[in-house]
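Its first residue numbered 1, the sequence shown is counted upward by one per residue in the UniProt record's numbering. Glycine residues also receive a C-beta, built at the ideal position from the N, C-alpha and C atoms. This structure is a prediction, so every number in the text was calculated from the model and none was measured. Here's the structure, in structure tokens; my notes come after.
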Amino acid sequence: MSTKAEHEMLEELGNDFYGKVIHDYELLECLGEGSFGRVWKAVDKQTGDVVAIKELKKFKCCSWKKCLILREVKALRGLDHPNIVKLKQLIVENNKLYLVMECMDMALSHQLVKMRGKKLNGDQVRVVAIQLFQALAHMHGRGYFHRDLKPSNILVSTDVVKVADLGMSREVSDDGMLSDYVTTLWYRAPEVLLMAETYGPEVDMWAMGAIMAELFTSTPLFRGSNSVDQLWKICSVIGTQTKDTWEDGHGLSHAGNIMKLLFRRHMIVWTS
Numbered sequence: 001m002s003t004k005a006e007h008e009m010l011e012e013l014g015n016d017f018y019g020k021v022i023h024d025y026e027l028l029e030c031l032g033e034g035s036f037g038r039v040w041k042a043v044d045k046q047t048g049d050v051v052a053i054k055e056l057k058k059f060k061c062c063s064w065k066k067c068l069i070l071r072e073v074k075a076l077r078g079l080d081h082p083n084i085v086k087l088k089q090l091i092v093e094n095n096k097l098y099l100v101m102e103c104m105d106m107a108l109s110h111q112l113v114k115m116r117g118k119k120l121n122g123d124q125v126r127v128v129a130i131q132l133f134q135a136l137a138h139m140h141g142r143g144y145f146h147r148d149l150k151p152s153n154i155l156v157s158t159d160v161v162k163v164a165d166l167g168m169s170r171e172v173s174d175d176g177m178l179s180d181y182v183t184t185l186w187y188r189a190p191e192v193l194l195m196a197e198t199y200g201p202e203v204d205m206w207a208m209g210a211i212m213a214e215l216f217t218s219t220p221l222f223r224g225s226n227s228v229d230q231l232w233k234i235c236s237v238i239g240t241q242t243k244d245t246w247e248d249g250h251g252l253s254h255a256g257n258i259m260k261l262l263f264r265r266h267m268i269v270w271t272s
């Protein structure tokens with residue numbers, strides 16, 4: 001991209017979105033770290049605003065154009081909803097990309113750990129579920145699905161719940177082959193476990209069902225140790241499937257030799 005074209009792009013974004021450097025923030029503590037990089041709790045030295053800064057470790061940002069088409073950035077810029085974490089700033093410095101986002105109190109996973117042994121009542125679950133469904137409705141309505149919905153990617157502050165970490169999100173219109181490695185195993189939809197090449201927003205709804213069950217019971221619904229065990233645990237709860245009830249799943253299970261693996265463990269998931 002030419003310097004002129006890049007300058008025009010930045011002007012369109014506005015100085016509030018791209019005009020800061022990392023030293024404009026005081027890093028307070030590391031909130032989490034993974035293969036993607038790390039997330040810091042930080043404070044804006046000028047305004048005093050507390051933010052979360054995500055440093056992308058494996059992404060080398062050599063141009064603004066490359067940064068703006070990054071999957072997570074593109075999704076966050078296209079989604080404006082009170083229950084989806086807001087992208088406040090992009091910082092490009094020394095070929096590194098930093099995402100400056102609003103900061104929440106904790107992940108839902110941390111809250112669930114603190115509450116182990118205690119159960120939420122129906123009203124409390126409803127407060128969480130309604131906000132998550134509203135976030136997903138907005139996301140799906142604008143052509144995106146999350147693909148990695150799980151308690152650690154849901155942030156909470158008092159009674160406010162927000163979906164975060166859209167690094168695995170995809171556009172619904174994308175007809176390309178999709179990775180099977182999405183979502184923590186316990187929240188993974190059967191078609192993903194069966195290595196379907198294409199799938200859509202329904203995988204988010206499956207994850208929502210598993211999350212809601214966990215909110216009610218204070219323990220994960222399907223605690224599989226691997227993909228085959230996960231399928232077994234799912235079928236032990238919702239029942240076995242037939243070709244009539246889920247034809248695509250029947251085909252996937254045979255194509256991926258899943259049936260052989262299940263029979264070895266004396267498990268029958270799909271019947272003829």
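With DSSP as the reference, label residue i as helix, strand or coil.
i      : result
Met101 : strand
Val182 : Unreliable placement is indicated for Val182, whose pLDDT of 43 sits below 50; no coordinate value is reported for it.
Gly34  : strand
Glu202 : helix
Lys233 : helix
Ala196 : coil
Gln124 : helix
Phe145 : strand
Lys45  : coil
Met106 : strand
Lys96  : strand
Leu221 : coil
Leu28  : strand
Lys162 : strand
Gly209 : helix
Which residue's Cα is closest to the Cα of residue i: the options?
i           : options                           : result
Trp186      : Gly224, Lys162 and Pro151         : Gly224
Asn83       : Val228, Ala137 and Glu93          : Ala137
Glu214      : Ile234, Leu112, Asp148 and Glu93  : Leu112
Ser109      : Ile234, Val237, Met212 and Tyr144 : Met212
Arg116      : Ile22, Gly122, Arg77 and Pro220   : Pro220
Tyr36       : Val125, Lys57 and Lys74           : A quick correction: the sequence has Phe, not Tyr, at residue 36. The residue with the shortest Cα to Cα distance from Phe36 is Lys57.
Cys30       : Val237, Asp24 and Trp40           : Trp40
Met139      : Gly122, Leu79 and Val92           : Leu79
Asp24       : Thr47, Arg38 and Glu33            : Thr47
residue 290 : Asp148, Lys45 and Ser152          : Since the first residue shown for the chain is 1 and the last is 272, residue 290 is missing from the structure and cannot be characterised.
Phe145      : Pro201, Leu90 and Ile238          : Pro201
Ile154      : Ala135, Arg77, Trp206 and Val92   : Ala135
Ala42       : Gly32, Val156 and Leu27           : Leu27
Gly32       : Ala107, Lys45 and Leu70           : Ala107
Leu76       : Val92, Pro151 and Arg142          : Arg142
Glu72       : Lys233, Tyr98 and Glu93           : Tyr98
Lys119      : Leu90, Lys45, Met208 and Thr217   : Thr217
Val127      : Ser152, Lys114 and Ser157         : Ser157
Glu191      : Gly209, Ala210, Leu231 and Asn226 : Leu231
Pro151      : Asn95, Tyr199 and Arg188          : Arg188
Gln89       : Arg38, Ile22 and Gln124           : Ile22
Val92       : Tyr199, Thr240, Lys20 and Val125  : Lys20
Asp123      : Ala207, Val228, Asp159 and Ala196 : Asp159
Leu87       : Asp229, Lys74 and Asn94           : Lys74
For the alpha helix (DSSP H) holding residue i, just list the boundary residues, first then last.
i     : result
Ile22 : Counting along the chain, Ile22 falls outside any alpha helix (DSSP H), and DSSP gives it neither H nor E.
Leu76 : Arg71 to Gly78
In terms of residues, what are the limits of the beta strand (DSSP E) holding residue i?
i      : result
Ser157 : Ile154 to Ser157
Leu90  : Leu87 to Glu93
Leu56  : Val50 to Leu56
With 8 Å set as the bound, which would you pick, yes or no: does the beta-carbon of residue i sit closer than that to a beta-carbon of chain B?
i      : result
Pro151 : Although the question refers to chain B, the structure presented lacks it and comprises just one protein chain.
Q | Sufficient close CB pairs (3 or more, under 8 Å) joining the segment 156-165 to the segment 124-132 | A | yes
**Q.** Any 3 or more C-beta pairs closer than 8 Å across the segment 94-107 and the segment 40-52
**A.** By the Cβ test, the segment 94-107 is in contact with the segment 40-52, since at least three Cβ pairs between them sit closer than 8 Å.
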